[in-house]
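J.: Using full-length UniProt numbering, read the sequence shown as starting at 1 and increasing by one per residue.
C-beta: ideal position from N, C-alpha, C; glycine also.
It should be emphasised that the depicted structure is a prediction, and the values quoted were computed from it without experimental measurement.
The structure follows.
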Amino acid sequence: MKAIVAGAGIAGLVAARQLGLAGWEVEVLEKSPAPRPDGYMMDFFGPGVEASERIGLYPRLAAVAYHVEAVEYVDAGLRPTARLDYDQFARLAGEKVLSLLRPDMERAALAALEDVPSGRVRVRYGVRVCGAWADEHGAGVAVDASAVPPPGADLLIGADGVHSEVRAHVFGREKDYLRPLGMRAAAFIVADPGLNARFANRFLLTDTLDRMAGLYSLRTDEVAAFLVYRDANRAQGDGQPQSTRERLRREFAGLGDAVDRLLELCPEHPYDDVVAQIVMPAWHKGRAILIGDACGAVSLLAGQGGSLAIAGAALLGDLLGPVDSPSGIAPAMAEFERRWRPVVEEAQAAGRRAAASFLPTNRTQRLLRRWIIRGTHLPGIDRLVARQIVGRIAK
Ligand SMILES: Cc1cc2nc3c(=O)[nH]c(=O)nc-3n(C[C@H](O)[C@H](O)[C@H](O)COP(=O)(O)OP(=O)(O)OC[C@H]3O[C@@H](n4cnc5c(N)ncnc54)[C@H](O)[C@@H]3O)c2cc1C
């Protein structure tokens, strides 16, 4: 059995590994020339933990995890206004929580392909899928003129993220499925030993209105940054900044010297995208199926994108792995959607709830957030925070 996977992100790599282990031949096409370095800290908890333990990926993830002591909201001088101890967060989220840099997670999934017998999974970087087709007999893709397209396959897996081209070609226009949550998020890594030394082991978030900067010191001399801001804040018309960096400098001016320094070192075109969910009535069509953010992005507000990407891809591998003739593909895809959709929809609902309070618009909302975080040791409040964080009340 042969599969083409579009996208070598976390979901695509895990799906490829699981199918390869089951005996499929898999070709993964990734438009970036190499694994993407774009990075931010992700809290890895929920279904991905159980799934990664089951498929043997967890030790690789745990090996690159960071030790975070606390999440702190801070003022412009980096003084804490509210603090959540990480052990407490882990308890609320269900004990096992890893703090992982997104590129480290992707690299761990890539390295895990060495578990697959040689030759079964081929990853081709620098090959962009620019067309896709699927019917009940098979599927295939078109790629940029600079590359040779793979021959048609039994199955096409679209794991090419929120702006999936497989989705656009097989299922329909992005605007029919993309649900923006009113914000944008940028993420990048800068090298600065001085800044790195100022907040080791604490994940800092600025306690600001309508925008928020997050900072975390890495093992190297680097600092990972993520910036969330209202989409409506974007400068319009005359004077609109040319580069992403210029826009971020405008949006995040006046948040103190640490954020100023981050923006001084910010690359010209860092990762910067709309914060959005993908909501679709069906995830498979003909012999094509979408996984990860391509069909069910929950947004960073749900904090589970990486976890769901792994768990969903592992489940797809469980269901498709034993399939040894094309006639088994459609039932396996239908079963995948039946079992996985409720999990994704629950996380999406949590993401939408979090969107309402993620960026306070006034001082009262900000004060409320501080009180809630300070009160997380109280029964009741901790369950409220847990529901915000994990989308269900932690037992
Ligand atoms: C700022 C921020 C913070 C986040 N924090 C968290 C968090 O705390 N916890 C968490 O779990 N999740 C978090 N997420 C979400 C998480 O990163 C994603 O949900 C997760 O990585 C989904 O993986 P994916 O493989 O489906 O998609 P992606 O990671 O988007 O991978 C898709 C891949 O496909 C490639 N591609 C795209 N188009 C094509 C094409 N046409 N041809 C070939 N290749 C293509 C892309 O280059 C990419 O490598 C966060 C996201 C952001 C933006």
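If I follow the unbroken alpha helix (DSSP H) through Ile-10, where does it start and stop?
T.: Element bounds for Ile-10: 10–21.
J.: By DSSP's criteria, Val-259 is part of a beta bridge. Which residues make up the other side?
T.: According to DSSP, Val-259 bridges with nothing at all.
J.: Am I right that Val-68 and Ser-99 are in contact with their C-beta atoms under 8 angstroms? What's the rounded C-beta distance?
T.: The pair is a contact, with the Cβ atoms about 5 angstroms apart (cut-off 8 angstroms).
J.: Using the rule of at least 16 other Cβ atoms within 10 Å of the residue's Cβ for burial, across every protein chain shown, is Ala-356 buried or exposed?
T.: So Ala-356 counts as exposed.
J.: Would the region 286–293 count as touching the region 308–320 if we require 3 or more Cβ pairs under 8 angstroms?
T.: Contact holds: three or more Cβ-Cβ distances are below 8 angstroms.
J.: Rounding to the nearest angstrom, what Cα-Cα distance links Ala-187 and Gly-256 in this structure?
T.: About 18 angstroms.
J.: Distance cutoff 8 angstroms, beta carbons only. Does His-67 sit that close to anything in chain D?
T.: Given the protein chain composition of this structure (a single chain), no chain D is represented.
J.: Can you give me the C-alpha to C-alpha distance between Ala-76 and Ala-334, rounded to a whole angstrom?
T.: Going from the Cα of Ala-76 to the Cα of Ala-334 covers about 51 angstroms.
J.: My guess is that Asp-221 and Asp-192 are in contact by the Cβ rule of under 8 angstroms, so how many angstroms apart are they, rounded?
T.: Rounded, the Cβ-Cβ distance is 7 angstroms, consistent with contact.
J.: For Arg-287, which of helix, strand or coil comes out of DSSP?
T.: Here Arg-287 sits in coil by DSSP.
J.: Below 8 angstroms between beta carbons: does that hold for Arg-122 and Glu-27?
T.: Yes, the Cβ-Cβ distance between Arg-122 and Glu-27 is below 8 angstroms.
J.: Quick check on the DSSP output: what are the complete alpha helix (DSSP H) runs of length 4 or more inside the region 149–186, in order along the chain?
T.: Listed in chain order, the complete alpha helix (DSSP H) runs (minimum 4 residues) inside the region 149–186 are 165–170.
J.: Per DSSP, what kind of secondary structure is Pro-270 in: helix, strand or coil?
T.: In the structure shown, Pro-270 sits in coil (DSSP, three-state: anything other than H, G, I, E or B).
J.: Please say whether Pro-103 and Pro-59 have beta carbons closer to each other than 8 angstroms?
T.: Not a contact, by the Cβ cut-off of 8 angstroms.
J.: How close, in whole Å, do the beta carbons of Phe-199 and Leu-78 come, if the pair is a contact with beta carbons under 8 angstroms?
T.: That pair is a contact at about 7 angstroms.
J.: Given His-163, which residues of its chain have a CB within under 7 angstroms of its CB, disregarding the five upstream and five downstream residues?
T.: The residues are Glu-174.
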